[in-house]
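For reference, each letter of the sequence shown is one residue, going 0 to 422 in numbering that gives the first Met the number 0. Note that beta-carbon positions come from the ideal geometry of N, C-alpha and C, so glycine has one too. Remarks on the structure that follows.
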Amino acid sequence: MSDTALAVSASTLPHDLSDQIRSLKQAARAQIGDVEGLFKTVETFIEREVEDIESARAAGSNVWPQIEYDALADGRVTDAQIRDIKRRGCAVIRNHFPHDRAAEWDRSLVAYLDDNDFDNVYRGPADDFFGSLSASRPPILPIYWSHAQMEARQDERMATVQSFMNRLWAHQSEGQTWFDPDRNLLYPDRVRRRPPGTTSDGLGAHVDSGSIERWLHPAYQKVFRHVLNHAFDRYDPWDAAWRSTIDEYESSTMCSAFRTFQGWTALSDMPADQGVLHTVPIPAAIIYVLLRPLLSDVPEDSLCGAAPHQALPISERWHPLLMRALTGVPEINAGDSVWWHCDVIHSVAPVENQTGWSNVIYIPAAPWCDRNAHYAQRVARAFEQGHSPDDFPAEHYEADWSNRFGATDLNEHGRRGMGLDSA
């Protein structure tokens, strides 16, 4: 499919979306040729991976790769461990931060909320990003600039892990350098605080980093170029080519940055049966998702539930094979961090009468590139004003809060991550 096949603006949602989807399908089918044959090839690959995951779970083996921070920092991660992470597309970094430090961040965050009377001023969710999913909204709070969050984001140990995760990617390909793996955008995101006794339906399986964009955006068509040319065997989910040139359609909750991995850092201990994160640990499963709407049983103007301005849903109706692979994180301790590839399908399991707290700070790996450097300018402005970042609803709770993390608290990583230092 050529770069101009659909003539869709990189950031503006097309007004004639149904017509664009029909045109996309016609162009994709013409370029691929034997769509049914390609889908069967992909399905066979995915089915082998799903069966391996099911066998590992049945045997009580770990599906999620787990790496000790000290081994990572000392360069002692083995080639076999790296292959495992790249196969599964996810990982737990054990003891990323000392347990006591994470617990102190949790107490600090509570004090920050209490001192600024958050319970009484909070107006409830201001976006509908998860509106199309099959389960309830997670208890995510629109707080960005606490000492706990900022200290974790700019910590040397965070920079070390982010660099390791970024370097799992081929950041140089097609004759270009797509990002600097050793410098990261300080991407401000929210926190989750789910209290003991919670009963929740969880959050349905989905993919972030674009919904309909994954079909319509010209840069995404380049990312998936080998598949569109009926060469699934050449597709590499770890090739960063054109990833950093993608824009999402404007909405109240989007991601203006390129993230190699989404991630969070635990502030509390979490048993594995208490409504934890699940993934489909197959990075190439996104290809199954992208090809599925091209089959004959899907309406011509449908992308199997994908809708503008919302997460890309994965469902039993359209993707039953993938749903079989959903696998939860192992037991997590405060200070551990959890990471998953930007294409990896994920969900949050339901929980009834939750035991203990389930608290996390969302911190991704967002390596330095033109796209992230541009967003860093907007991050720096929001930080200075205490405003909600541009990727999130304009709630601005912290603008006048006391004990907000300030410019004098920034270290080298914090300044570089917001583009305040040139190098």
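Contact check for Phe178 and Cys368: beta-carbon distance about 4 Å, within the 8 Å limit, so the pair qualifies. As computed with DSSP, Thr354 is found in no beta bridge at all. Closest by C-alpha distance to Leu419, out of Asn402, Glu155, Asn183 and Glu394, is Asn183.
DSSP places Val91 inside the beta strand (DSSP E), whose first and last residues are Cys89 to Arg93. Between Gln148 and Asn410, the gap from beta carbon to beta carbon reaches 8 Å or more.
For Gln261, there is no enclosing alpha helix (DSSP H); the enclosing beta strand (DSSP E) covers residues Phe260 to Ala265.
For the pair of segments examined, the stretch 360-375 was found not to touch the stretch 81-95: the number of CB pairs separated by less than 8 Å stays below three. Sequence-distant partners of Ser162 (beyond 5 residues in either direction) whose C-beta falls short of 7 Å from its own C-beta, in its chain, are Pro180 and Asp181. Taking the Cα positions, Asp389 is about 11 Å away from Ala375. A distance below 7 Å between beta-carbons, with the five flanking residues on each side excluded, links Trp168 to the following residues of its chain, in chain order: Trp237, Ala239 and Thr259. Under the criterion of beta carbons closer than 8 Å, Pro329 and Gln30 do not qualify as touching, at roughly 42 Å.
For Glu67, the secondary structure class from DSSP, reduced to helix, strand or coil, is strand. Around the beta-carbon of Val120, fewer than 16 other beta-carbon atoms lie within 10 Å, marking it exposed. Comparing alpha-carbon positions, the option among Ala101, Ser314, Trp144 and Val275 lying closest to Glu351 turns out to be Val275. Secondary-structure assignment with DSSP links Asn183 through a beta bridge to Pro366. In the structure shown, the three-state DSSP call for Ile281 is coil.
When secondary structure is reduced to three states using DSSP, Val359 falls in the strand class. Between the alpha carbons of Asn165 and Tyr186 lies a distance of about 15 Å.
Beyond the five residues adjoining it in sequence on each side, Arg21 comes within less than 7 Å, by CB distance, of Glu299 and Asp300 in the same chain, given in chain order. Closest by C-alpha distance to Ala284, out of Met253, Ser107, His229 and His340, is His340. By the Cβ-count criterion, His373 is exposed, with fewer than 16 other Cβ atoms from all chains shown falling within 10 Å of its own Cβ.
Scanning its chain for C-beta atoms nearer than 7 Å, with the 5 sequence neighbours on each side dropped, one finds around Trp317 the residues Arg291, Cys303 and Gly304, in chain order. By a beta-carbon distance limit of 8 Å, Pro312 does not contact His216. Their separation comes to about 18 Å.
Excluding the 5 residues flanking it on each side, Met253 has same chain C-beta neighbours closer than 7 Å at Glu247 and Asp390, in chain order.
Listed in chain order, the non-local C-beta contacts of Cys89 below 8 Å within the same chain comprise Trp63, Pro64, Thr278, Pro280, Val337, Trp338, Trp339, His340 and Val343, local neighbours out to five positions each way being set aside. Approximately 7 Å separates the beta-carbon atoms of Ser387 and Tyr143; this is inside 8 Å, confirming the contact. Uninterrupted beta strand (DSSP E) stretches at least 3 residues long and entirely within the stretch 306-347 occur at 336-340 and 345-347, given in chain order.
Residue nearest to Asp207 within the set Pro307, Leu266, Gly413 and Asp200 is Pro307 (criterion: CA-CA distance). Leu202: member of the beta strand (DSSP E) spanning Leu202 to Val206, first to last residue. Here the alpha carbons of Tyr396 and Pro141 stand approximately 8 Å from one another. Counting along the chain, Arg100 sits inside the alpha helix (DSSP H) bounded by residues His98 to Asp114.
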